[in-house]
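Single-structure report; data block below.
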Amino acid sequence: MLIRTSALHDPLPSEITPRSAYLNRPTRREALAALSLAAASPLALAQPAAPGGGKLPRLPGARSAVAGAFVMDRPTSYADATSYNNFYEFGTDKADPTEHAHTLKTRPWTVSIEGECGRPGRFDIEALLKLAPMEERLYRLRCVEGWSMVIPWTGYSLAELLKQAQPTSKAKYVEFTSLADRSQMPGVRSGVLDWPYVEGLRIDEAMHPLAMLVFGMYGEMLPNQNGAPLRLALPWKYGFKSAKSIVKIRFVEKEPMSSWTKAAQQEYGFYSNVNPSVPHPRWSQAAERRIGEDGLFSKKRPTLMFNGYEAQVGQLYAGMDLKRFY
Ligand code: MTE
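Counting along the sequence shown from 1, when you hit position 230 you're at 230 in the UniProt record's numbering, and nothing is skipped either side.
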């Protein structure tokens, strides 16, 4: 399949200001005041794109220079982003993770790096927090269930960590494993998935600068329900590819079998790139509802190819039949 690349003068879908953001735009006076503040103090740039809950330690990030790291959409409120979650290790209802994830112990925490690499090892979370400068990125998150959010994440490109491990030429894929501890995670006692939660990426996807290793959101450390102490954010893929509370990263030669593919191969493919023209057997992917903005009865907003990140990631899939490799 041909990947359409926009002509230089065309705005990218991610650059088009949605009506809601336009209506909520700052006045000229507010914009000038913000600009002069930013110019006066470099710290002002480390202010989060939207306020957090104020209860967790701060984790500011500098404005990212990665192309596509910011969208014009209005950030979802912290309250919505931390109370409407998918984290099946804590239950299958959207409110379960907020209610139950307080039992998750995020210190001490180590991530083991294994498989086809020259420097395998164990990384302590404190070392990971210092591995590369923290950046803030405002990404869209599109769930396969048909809803979406816009979240200011704090972290850095996953490539920063993967490079340290020196993957060998046999490392064609990367597999990510989440914690599965029955004593801390009540959902793991259920048979809804074959635990632990496993996800995977092709090595070039994992090395793409937009693929992010996330430690915080809204300028604060990640709340447990959002995948503390570290998770992925892959804005061009359906949300389930972004594994939470990661304990193992493994370089492998063969395509990893992710938990969702194992559970229902016809419904969840390995790639799971956001694609409005490839419907899920139970849900059309053509449109979405933005949590906190679009009500149950308002018209859904159209979903964009690769969630609006086509200019950045389209080339990764040049020549591939995206219906077959869904
Ligand atoms: N990671 C683990 N370990 N377990 C999960 O159940 N759910 C996924 C993904 N990562 C999930 C996970 C799904 S379906 C989505 S949509 C996103 O996390 C939701 O992230 P959020 O709750 O921070 O919005």
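Note that beta-carbon positions come from the ideal geometry of N, C-alpha and C, so glycine has one too.
task: Note down the Cα distance separating Leu-148 from Leu-131, rounded to an integer number of angstroms.
output: In the sequence shown, the residue the question calls residue 148 occupies position 148. In the sequence shown, the residue the question calls residue 131 occupies position 131. For clarity, residue 148 is Ser in the given sequence; the question names Leu instead. For Ser-148 and Leu-131, the distance between alpha carbons rounds to 30 angstroms.
query: Apart from the five residues just before and just after His-280, which ones in its own chain have a Cβ nearer than 7 angstroms to its Cβ?
result: Along the sequence shown, read from residue 1 onward, the residue named residue 280 stands at position 280. For His-280, where only same-chain residues beyond five positions count, the Cβ hits under 7 angstroms are Val-144, Glu-267.
field: Proximity of Trp-153 and Val-71 at Cβ, strictly below 8 angstroms
entry: For the purposes of this step, residue 153 is taken as residue 153 along the sequence shown, with counting starting at 1. For the purposes of this step, residue 71 is taken as residue 71 along the sequence shown, with counting starting at 1. No, the pair does not count as a contact, with Cβ atoms beyond the cut-off.
- request: Within the same chain, show all residues whose beta-carbon is closer than 7 angstroms to that of Leu-59, passing over the 5 residues directly before and after it, in chain order.
  value: To locate residue 59, count along the sequence shown from 1; it is residue 59. Met-134, Thr-154, Phe-215, Gly-216, Gly-219, Glu-220, Met-221.
field: The alpha helix (DSSP H) enclosing Tyr-78, as first and last residue numbers
entry: Reading the sequence shown from its first residue, position 78 is the one you call residue 78. Tyr-78 -> alpha helix (DSSP H) spans 78 to 81.
task: Quick one: residues in its chain with C-beta nearer than 8 angstroms to the C-beta of Thr-168, no 5 flanking neighbours on either side, listed in chain order?
output: For the purposes of this step, residue 168 is taken as residue 168 along the sequence shown, with counting starting at 1. Glu-116, Cys-117, Gly-118, Phe-251.
Thr-27 - DSSP class collapsed to helix/strand/coil: For the purposes of this step, residue 27 is taken as the residue at position 27 of the sequence shown. Here Thr-27 scores only 44 on pLDDT, less than 50, and its place in the model is too uncertain to base an answer on.
- request: Would you kindly report the start and end of the unbroken alpha helix (DSSP H) that includes Glu-205?
  value: If you number the sequence shown from 1, residue 205 lands on position 205. Where Glu-205 is concerned, the enclosing alpha helix (DSSP H) stretches over 203 to 206.
- prompt: At a cut of 8 angstroms, does the stretch 243 to 258 reach the stretch 309 to 325 through at least three beta carbon pairs?
  reply: no
- prompt: Buried or exposed: which applies to Gly-200, given that a residue is buried once 16 or more other Cβ atoms fall within 10 Å of its Cβ?
  reply: For this step, residue 200 is matched to residue 200 along the sequence shown. It is buried - the Cβ of Gly-200 has at least 16 other Cβ atoms within 10 Å.
Own chain residues within Cβ distance below 6 angstroms of Leu-232, not counting five before or after: On the sequence shown, residue 232 is found 232 positions in, with the first residue counted as 1. Excluding five sequence positions before and after Leu-232, the CB atoms of its chain that fall closer than 6 angstroms to its own CB belong to Ser-242, Ala-243, given in chain order.
message: Please return the same chain residues whose Cβ sits closer than 7 angstroms to the Cβ of Pro-312, not counting the five positions on each side in sequence.
response: In the sequence shown, the residue the question calls residue 312 occupies position 312. The sequence given here places Gln at residue 312; Pro does not occur at that position. Within its own chain, the residues whose Cβ lies closer than 7 angstroms to the Cβ of Gln-312, once the five positions on either side in sequence are excluded, are Ala-67, Gly-68, Leu-210, listed in chain order.
field: Bridge partners - Ser-157, DSSP secondary structure assignment
entry: Counting from one through the sequence shown, the residue named residue 157 turns up at place 157. Paired residues: Met-212.
message: My output table needs one value for Trp-147: the three-state DSSP class, helix, strand or coil.
response: Stepping through the sequence shown from its first residue, residue 147 is reached at position 147. If DSSP states are grouped into helix, strand and coil, Trp-147 belongs with the strands.
- prompt: If you compare alpha carbons, which of Asp-96, Ala-263, Ala-264, Phe-270 is closest to Phe-256?
  reply: In the sequence shown, residue 256 corresponds to position 256, counting from 1. At residue 256 the sequence reads Pro, which differs from the Phe that was named. If we check each option's Cα against that of Pro-256, Phe-270 comes out closest.
- prompt: Just the Cα atoms here: how many angstroms apart are Ala-101 and Tyr-88?
  reply: One-based indexing of the sequence shown puts residue 101 at position 101. One-based indexing of the sequence shown puts residue 88 at position 88. Going by the C-alpha atoms only, they are around 10 angstroms apart.
message: To the nearest angstrom, how far is the alpha carbon of Gly-91 from that of Leu-296?
response: For the purposes of this step, residue 91 is taken as residue 91 along the sequence shown, with counting starting at 1. For the purposes of this step, residue 296 is taken as residue 296 along the sequence shown, with counting starting at 1. If I take the Cα positions, the gap works out to 24 angstroms.
message: Below 7 angstroms, is the gap between the Cβ of Tyr-173 and the nearest heavy atom of ligand 1?
response: Looking up residue 173 in the sequence shown gives position 173. Tyr-173: no, Cβ never under 7 angstroms from ligand 1.
Cβ-based neighbour list, Pro-196, same chain, cut-off 6 angstroms, excluding 5 preceding and 5 following: Looking up residue 196 in the sequence shown gives position 196. Closer than 6 angstroms at the Cβ level, and outside the excluded window around Pro-196, lie Thr-177, Ser-178, Ala-180.
task: Would you please state the rounded distance, in angstroms, between the beta carbons of Thr-76 and Gly-53? I believe it to be under 8 angstroms.
output: In the sequence shown, counting from the first residue as 1, residue 76 sits at position 76. In the sequence shown, counting from the first residue as 1, residue 53 sits at position 53. Not confirmed; about 13 angstroms, so no contact.
Complete runs of the alpha helix (DSSP H) confined to the stretch 83 to 132 [at least 4 residues]: 96 to 100, 125 to 130
field: 8 angstroms contact criterion, which Ile-125 and Ala-165 should meet: CB distance rounded
entry: On the sequence shown, position 125 is the one that residue 125 refers to. On the sequence shown, position 165 is the one that residue 165 refers to. Incorrect: roughly 16 angstroms between the Cβ atoms, too far for contact.
task: Can you grab the Cα-Cα spacing for the pair Gly-227 / Lys-299, in whole Å?
output: Start at 1 with the first residue of the sequence shown, and residue 227 comes out as number 227. Start at 1 with the first residue of the sequence shown, and residue 299 comes out as number 299. Cα to Cα, Gly-227 sits roughly 31 angstroms from Lys-299.
field: CB contact flag (Ser-245, Leu-104, <8 angstroms)
entry: Locating residue 245 in the sequence shown gives position 245, where the first residue counts as 1. Locating residue 104 in the sequence shown gives position 104, where the first residue counts as 1. Yes, they are a contact pair.
task: Can you say whether residue 353 is buried or exposed, counting buried as having 16 or more other CB atoms within 10 angstroms of its CB?
output: With the chain running from 1 to 326 in the structure shown, residue 353 is simply not present.
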